[in-house]
Amino acid sequence: MTGLPASAASVRTAPAGTYYDPALDADVIKLLPAEWRVSSDPLALATVLGSCVAACLYDASAKVGGMNHFMLPDAAPGDASARYGAHAMELLINGLLKHGAIRSRLQAKVFGGGNVLPGMTLDPIGTRNGNFVLNYLGAERIPIIAQDLFGVQPRKVCFFVRTGRTLVKRLPAAGEIARVERAYRSQLAQKPVAGSVELF
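First residue of the sequence shown? That's 16 in our numbering, and the numbers climb one at a time after it.
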């Protein structure tokens, strides 16, 4: 290091909350449960899913896209939190429209809904989440052009917002994901979600 100031051309700038992933050669924002993000910046949104679902919506012409990560399909009356599918979808769609997307051009890719929580064989939450997102997008007439839903494996999803390109990796061990989901659900039961938390 010379101690000289870097030229403006050599300084990388990225939106707040991003980290650089050399394997993807891209700036990435990681989403946690009950979070959502919309951007027109050249970056990727990433999350890890067990029984939760992520909907990735984008307008290829406007080069804007977004992702949500919801935990449950239905909210209790009066609970408008992004952890619930209906509210998470409304936030995502409205965010895209505010960023210049045209509703009729929106396309969707949906992921998750794995039944990774042991002992949940009757009406498992992963299946309910997956069915919810399919039904919601069908009712809103937003075409689903790709999906990887259901099963028993957790997934890591990386979504490039400007192009709609998506990478999905199925993860072999569900035990840690299930433990984290149980702990997070317990935490949410004790207090309402207020605002959003960004890591990195």
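Ideal placement from N, C-alpha and C gives every residue a C-beta, glycine not left out.
Since we're looking at a predicted model, the values are computed, not measured.
Asked, Found
"With distances taken between CB atoms, is the gap from F147 to G100 smaller than 7 angstroms?", "yes"
"Count the other CB atoms, across all protein chains shown, that sit within 10 Å of the CB of K113; report buried if there are 16 or more and exposed otherwise.", "exposed"
"Run through DSSP, which three-state label would I157 get?", "coil"
"When the Cα of V172 is compared with those of D40, A49 and A70, which residue comes out closest?", "A70"
"How many Å lie between G115 and S76 at the Cα?", "10 angstroms"
"Beta-carbon within less than 8 angstroms of N144's beta-carbon, same chain only, minus the 5 sequence neighbours each way: which residues are those?", "S66, C67, V68, F85, M86, L87, P88, G100, G127 and G128"
"Report the rounded CA-to-CA distance for V26 versus A41, giving the unit in angstroms.", "Because V26 carries a pLDDT of 46, less than 50, the predicted location of this residue cannot be relied on, and no value is offered for it."
"CA-CA distance, H102 and E50?", "11 angstroms"
"Run the CB neighbour count on D138, radius 10 Å, all protein chains shown included, and call it buried at 16 or more, exposed below.", "exposed"
"Given that a residue counts as buried once 16 or more other Cβ atoms are within 10 Å of its Cβ, and exposed if not, what is T62?", "buried"
"Report back the beta-carbon spacing between L46 and M82 to the nearest angstrom; my notes put them in contact at under 8 angstroms.", "6 angstroms"
"Might you give, ordered along the chain, the residues of its own chain that have their beta carbon closer than 6 angstroms to the beta carbon of S54, omitting 5 neighbours on each side?", "V176"
"Tell me which residue opens and which closes the beta strand (DSSP E) that A123 is part of.", "Q122 to G127"
"Report the start-end ranges of each beta strand (DSSP E) in the stretch 20-80 that is 3 residues or longer and not cut off at the edges.", "34-36, 41-45, 50-54, 58-64 and 68-74"
"So which of D56, D36 and R98 has the shortest CA-CA distance to K78?", "D56"
"Quick one: Cα of R185 to Cα of A161, how far?", "15 angstroms"
"Mapping DSSP to helix, strand and coil, what is V167?", "coil"
"Please identify the residue among A59, A154, I157 and G80 whose C-alpha is closest to the C-alpha of A38.", "A59"
"Are the beta-carbon atoms belonging to Y4 and G179 less than 7 angstroms from one another?", "With the chain represented from 16 up to 215, any question about residue 4 goes unanswered, as that position is not in the structure."
"Report the rounded CA-to-CA distance for L182 versus F174, giving the unit in angstroms.", "7 angstroms"
"State the start and end residues of the unbroken alpha helix (DSSP H) segment that holds L107.", "G100 to K113"
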